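The next block holds one structure in the form of C-alpha cells; read it before the comments.
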Amino acid sequence: MHKATRFLVCLFFAGLLNAAEDTTLPPLSAYGKLPGVEDMALSPSGELIATIATLGERRILVVGRVGGDVLYRYGLGELKTHWMQWAGEGHLVVSVHSTQNLGLVYGGKYELRNLMIVDVAKKEVDWPLYNSKKVFNASFHTYAPIEADGRWFQCLDTLPMNSSVHSGDSWISNFELDVTCIDLEKGRRRVIARGREDGAGWVIAPGLKIVAYETYDELKAKWSLSDYEHREELVESKDEFGANNLEGLGRTPGTVVYYLTDAQDASRLMEIAVDGKSPPQELYPDTKLKDLVFDHKTGLLIGVLKEGDVPELE
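Following the working numbering, the numbering of the sequence shown begins with 722 at its first residue and continues without gaps.
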C-alpha cells in the first residue's frame, strides 16, 4: 500500500509542472476582450486583476494592473480551474481540480481539488501540498484567506499522512480531516485543528482562531453546531440528508452563520452568537439566496447575492 500511495501523491502533478511561460506579453486590455475569458478576480485594493483566458489555442492565467501592464502570465494547459481569490495584494490563490483513478485500494475515481499559489512580487507559482509526507496532496475544503500576525494564510482541510524514514513511502494515516494553514510568505504549513480531536467543519476568524465547528452523525441523521473554545453544543437538528451547513462568521465578531433545513425542506440562513447567550435568528427570510458575501479582511458577513435572472447584491 505504501508504494501505491506514494504514487498517488505524485499523480496529480504529473505533466502540470511543465506548463510553459511565454515572455511575449500583450497589453492587459487584450485579455478582457477575448471571447474565451473564463474567470476574473479583482484584488482587494482594486488595483490588480487576475484573468483566466484563452489566447489562440492556449489557456493562460494573467495577472496585471487594472488599465495597465501585465505583471505575470502562466500557461495552464489542460489544467481545470474552479475559482480564484486574492490573499491581500501579494498572492493569488487558484483552486484546481482533476479526475483521478486512485485504484481499488481507495475506491476508484475521484474529482480531487488542489491549490496553486501565485506570488505576484516574485512572479512565481507554488504548489504547497506537492511532495509533502505529512498531508495528502489534495484540498478537501478551502477557506477564505486569513490574516494573522501581519501575514496572509491559506487554510484548507487535509488528510494526514505518515511516512517511513527507511523506505521513504507515505500513506494516509486516518480519514479524519485536519485544518492546515499555509503561511503564504514563508511557505510553511501548520495544523491548527485535528479531525479526531476537534470535530469537523470549522469556522476560522482572523488570527487563525477557530470559533465554531459542526458535526454530523450519519446513523442518527443528527447535525450539531458547537462553540470551539468550550466545546458546548449551540444547535442540534434532525438532518436526514446532511443538508445543514456551517458557512462562516456572522455580521459581528463572536457570531457565525449557518444554513438550517426546516420541516418543509426549505433552507434558512441563521445566525447565532457562539457564547450561547442569545437564541439564533433567521437572516433574509423569504429571500432566495445564491451566495453569501464576506469581508476579505475581517471575514464577517457583509451581504448576500439574491437569486434571479440578474443576481442582485444586498
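Don't be surprised by glycine CBs; every beta carbon is placed ideally from N, CA and C.
The structure presented is a predicted model; accordingly, all values stated were derived computationally and were not measured.
Residue i, enclosing alpha helix (DSSP H) - first and last residue
i: R917; result: G916 to D919
With 16 other Cβ atoms within 10 Å as the buried cut-off, status of residue i
i: G1020; result: buried
i: K724; result: Any answer about K724 is weak, because its pLDDT of 35 lies below 50 and its placement is not dependable; what the coordinates show is given next. Its Cβ having fewer than 16 others within 10 Å, K724 is exposed.
i: W804; result: exposed
i: S947; result: buried
i: I770; result: buried
i: N852; result: exposed
Residue i and residue j closer than 8 Å at C-beta
i: T976; j: E992; result: yes
i: L877; j: S860; result: yes
i: E897; j: G916; result: yes
i: K943; j: E957; result: yes
i: V846; j: V784; result: no
DSSP-derived helix/strand/coil call for residue i
i: E1028; result: coil
i: A874; result: The sequence shown places Phe at residue 874, rather than the Ala named in the question. Looking at F874 - three-state DSSP - the assignment turns out to be strand.
i: L732; result: Low confidence applies here, because L732 scores a pLDDT of 28, under 50, leaving its location unreliable; read the following figure in that light. Note: L732 maps to helix in three-state DSSP.
i: F1015; result: strand
i: R952; result: coil
i: K959; result: strand
i: L929; result: coil
i: R727; result: Low per-residue confidence applies at R727: pLDDT is 32, beneath 50, and the placement is therefore not dependable, though the value from the model is reported in the following sentence. Helix at R727.
i: W848; result: coil
i: L1021; result: coil
Residue i versus the options, residue with shortest Cα-Cα distance
i: W807; options: V841, G777 and Q985; result: V841
i: L881; options: R834, T901 and P1006; result: Note on residue identity: the sequence assigns Pro, not Leu, to residue 881. Closest option to P881, Cα to Cα, is T901.
i: A933; options: D996, T879, L981 and R909; result: D996
Unbroken beta strand (DSSP E) run spanning residue i, endpoints
i: A842; result: A842 -> no beta strand (DSSP E), and no H or E assigned at all.
i: H803; result: K801 to A808
i: N1036; result: The question about residue 1036 has no answer here: the residues shown for the chain are numbered 722 through 1035.
i: N883; result: M882 to S884
i: Y795; result: V791 to G796
i: E1003; result: Q1002 to L1004
Residue i beta carbon near the ligand SAM (any heavy atom closer than 7 Å)
i: T775; result: This structure simply doesn't include the ligand SAM, nor any ligand for that matter.
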